[in-house]
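Sequence order for the protein chains is A and B. Just so we're aligned: 160 in my numbering is position 160 of the first sequence, and the numbers increase by one with no gaps anywhere. Just remember that my numbering sits 1000 ahead of the position in the second sequence, which is counted from 1. No residue lacks a Cβ here, since even glycine has one placed at the ideal position from N, Cα and C. Bear in mind that the values here come from a model prediction, so they are computed numbers and not experimental data. What follows is one structure encoded as structure tokens, with my remarks underneath.
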Amino acid sequence: MSTIWLPCGVYHQNYVQDHAWWQTKFIKGKMILLFIILFVVIPLVADSYWLSVCNQVGYTVLGALGVQLLIGFCGQITLGHAAFIAVGAYTSTLLILEFPWPKFMMDFGIAYPFSILIAAFTAGIWSLLFGLPSARVKGFYLILTTMAAQFITVDFIITQYVSQIGGRGQAFSLPPGTIKVGPWVIDSDLKVYFMMLVLVILCVIIMVNLLRSRVGRAWVAIRDNDISAEVMGINVVKYKLLAFFVAGFIGGIAGAFWISNIAAISPEHFPWFWSLWLVGVILIGGVGSIHGTIFGSIFMVVVMEVLQLAIMPLADIYPKLLMDFLFIKEAAFGLAICLFMIFEPNGLAYRWWQIKNYFNLWPFSY
Amino acid sequence: MELFLMTITTGIMVGSIYALVALGWVLIYKCSGVLNLAMGEMTLIGAYVSLSFYSMGIPFLPALLISLIIGLILGILTERIFLDKLIGEPVLTVIMVTVGLSFFFKGMLELIWGTDTRVFTPPVFSIEPIHIGPVIVGQAYLWSFVAAIILLIIFGCFFKYTRWGLAMQATADDEMAALSIGVSARFVYAAAWGIAFMAAGVGGTLLGNINGLNISVGYLGLLVLPAVVLGGLNSVPGAIVGGIAIGILQNLCGAYLDKYFPGGIKEVAPFVFMVVFLLFKPHGLWGWERIERV
């Protein structure tokens, strides 16, 4: 049974069609339109500010995809994902700054993409390490171990030890021109935007393809009931650890990507708040849906930007308001999560699905 | 040896404050099944309220009492507005609502009181240390210890001898049975939140007396999580033992391991210990081991 609405008279005759990416001509047209908007219209229309907002959305999507995989598809609640993003960011930065790259790799600009890959693997393995307790514990106890991952990694290891490498003190700054992908030096919002698009699309493809394979079905089975999954012959420990690895991997990509945008990293970029923020994003977007991750990211980032824009004019009257914006943002985020959980527990993805169904079935909604 | 003794004493005294906060946490979990991550901010609210009243010139004990009453009201309100609607929802939903609450409280606290460190002026407890045998203890620690112990005893008597306390015990033990003999579950939930807020508020006030009060005291509130895990999530004596154990562990690590791992070992040690401990005893010392069936 396909989960996609099909027009009258269109039937699938085999499983390949059932799991195809673009099942009808209409969907194909819609997706091509989306790609045109993403790759052509937005870079032409948006100015530097809105491009940076888009980049933030992309970073949030990349970070939240791993959380979505763990919480939404494997049922392993994690509250420490920022740690793995931090590991990715720091690995990539250290590789760029300290590793003696061969000259030709620097010249052809493959040093940074290569470091992204290594960062992703490092973050994946680090995540795997903290996923090990999931073999023994679950539920709330597992939440605590992932919280411990955050405090141990960011507040202790990175702040106290990794930051000392090279004697730079607290923050690592990347000199301009060191981040180079192929012939392009990533130095403007537009270039970051295109890199973000490529990475997000790549990661979404990886996720969707994993989810419609044997691995993904095993994850969903573990999420729904891990005991019956085990009874059915799924190696629960192996697939849980695999989920942690893939989540860390995508988190590492997110971290390694983000250094191209901020050009200087310090432990303050990866606080516990950020882990919780990512969980909030997927809850608002909808748990267990890739659409939800993207909707949630767009919603949270754009709402916060709009809040900021709304507060800016008021700041002329009350200058204190500008300083307090961070606190208002925190309080608003907290309230948003509470209200979404109480009044819209299925998230934005569910609402999207309802709207789509309404139009697909129009005018007879039965 | 003296260092060791002193570390242990300080550990027990700080640990008793953790035990007090952990008691509130376990109470909420036992009565209503909510895993509360907003404990740190709850300690902060009580602490800031009593500090404000104290700075207005009200003596310490009445100020503490007012903060207790405000804590009770806030606790009941929180339960009624947010948690009441979530009975029967999945674990993640409830946890994230408490996380949302913690951000909301934190943002509000920072808006109202700012992020600077505040101290109780004039100091509530004199700075002169007290000598007990070879051990030197700060007065703030000692009185905090005494206050925490008194409150633990009061809460213990409340659960054991009063009608409301017994109702709460009954609900924690078996909700269905309690409902059938006429205990109002909604009352018990609200009472649990109120008491947890009060316990957390006292804990926060005492901690604020020791080191001054700023937002990072809320992090100490997070330390109750290793404490309750150590004791087992649904065991009140476990929470007290766990709190004291975490206090001792923290101070021992601060005293002996700081040489080898400079920096934040004191803050991280409880969490490292917790992860290792969970690998060996996944249900804590006295937690219930639920048998799961398909």
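Of all residues in the region 1101-1125 of chain B, only Leu1101, Ser1102, Phe1103, Phe1104, Phe1105, Lys1106, Gly1107, Met1108, Glu1110 and Leu1111 place a beta-carbon less than 8 Å from a beta-carbon of chain A.
Three or more beta-carbon pairs separated by less than 8 Å link the region 1206-1216 of chain B to the region 1045-1056 of chain B, which places the two stretches in contact. In the three-state scheme derived from DSSP, where H, G and I count as helix and E and B as strand, Leu1213 (chain B) is classed as strand. A residue is called buried once 16 or more other Cβ atoms fall within 10 Å of its Cβ, and Thr1078 (chain B) is buried on that count. Between Thr1093 (chain B) and Leu1086 (chain B) the beta-carbon gap is near 6 Å, inside 8 Å, which marks them as a contact.
Out of A:Leu348, A:Val208, A:Ile206 and A:Ala256, the CA that lies nearest to the CA of Ala83 (chain A) is found in A:Ala256. As computed with DSSP, Lys180 (chain A) is found in a beta bridge with A:Val185.
In the displayed model, Ala64 (chain A) falls within a helix according to three-state DSSP. Under a 10 Å Cβ-count criterion, Asn235 (chain A) is classified as exposed, with fewer than 16 other Cβ atoms of the shown protein chains found around its own Cβ. Within the region 1069-1144 of chain B, the complete beta strand (DSSP E) runs of at least 3 residues fall at 1130-1132 and 1135-1137.
For the C-beta of Val1268 (chain B), the chain A residues within less than 8 Å are, from N- to C-terminus, Phe151, Ile152, Asp155 and Phe156. In this chain, the alpha helix (DSSP H) harbouring Ala336 (chain A) covers Phe325 to Phe343. Here Ser1235 (chain B) carries a coil assignment [DSSP, helix/strand/coil].
Cα atoms of Pro43 (chain A) and Ile1244 (chain B): separation of roughly 58 Å, rounded to the nearest angstrom. CA-CA distance, Ala1185 (chain B) to Met1039 (chain B), rounds to 22 Å. In this structure, the beta-carbon distance from Ser92 (chain A) to Gln170 (chain A) does not fall below 8 Å.
Each residue's CA atom was taken as its position, placing Trp219 (chain A) and Met1006 (chain B) some 51 Å apart. In this structure, Tyr1029 (chain B) sits away from Ala1227 (chain B), with a CB-CB distance that is not shorter than 8 Å.
The beta carbon of Pro1270 (chain B) lies closer than 7 Å to those of Leu1223, Pro1226, Ile1246, Leu1249 and Gln1250 in the same chain, with the five residues before and after it left out. Note on Val154 (chain A): 16 or more other CB atoms within 10 angstroms of its CB, so buried under the neighbour-count rule. Between Ile77 (chain A) and chain B, the shortest Cβ-Cβ separation is below 8 Å.
In the three-state reduction of the DSSP assignment, Phe99 (chain A) falls in the coil class. Interface with chain B (8 Å Cβ-Cβ cutoff): Arg351 (chain A) is excluded.
Within a 10 Å sphere around the beta-carbon of Pro133 (chain A) sit 16 or more other beta-carbons, which makes this residue buried.
Against chain A, a Cβ distance below 8 Å from Met1096 (chain B) picks out Val279, Gly280, Leu283, Ile337 and Met341.
Within 7 Å of the CB of Tyr141 (chain A), the CB atoms of chain B belong to Val1229, Leu1278 and Pro1282, in sequence order along the chain.
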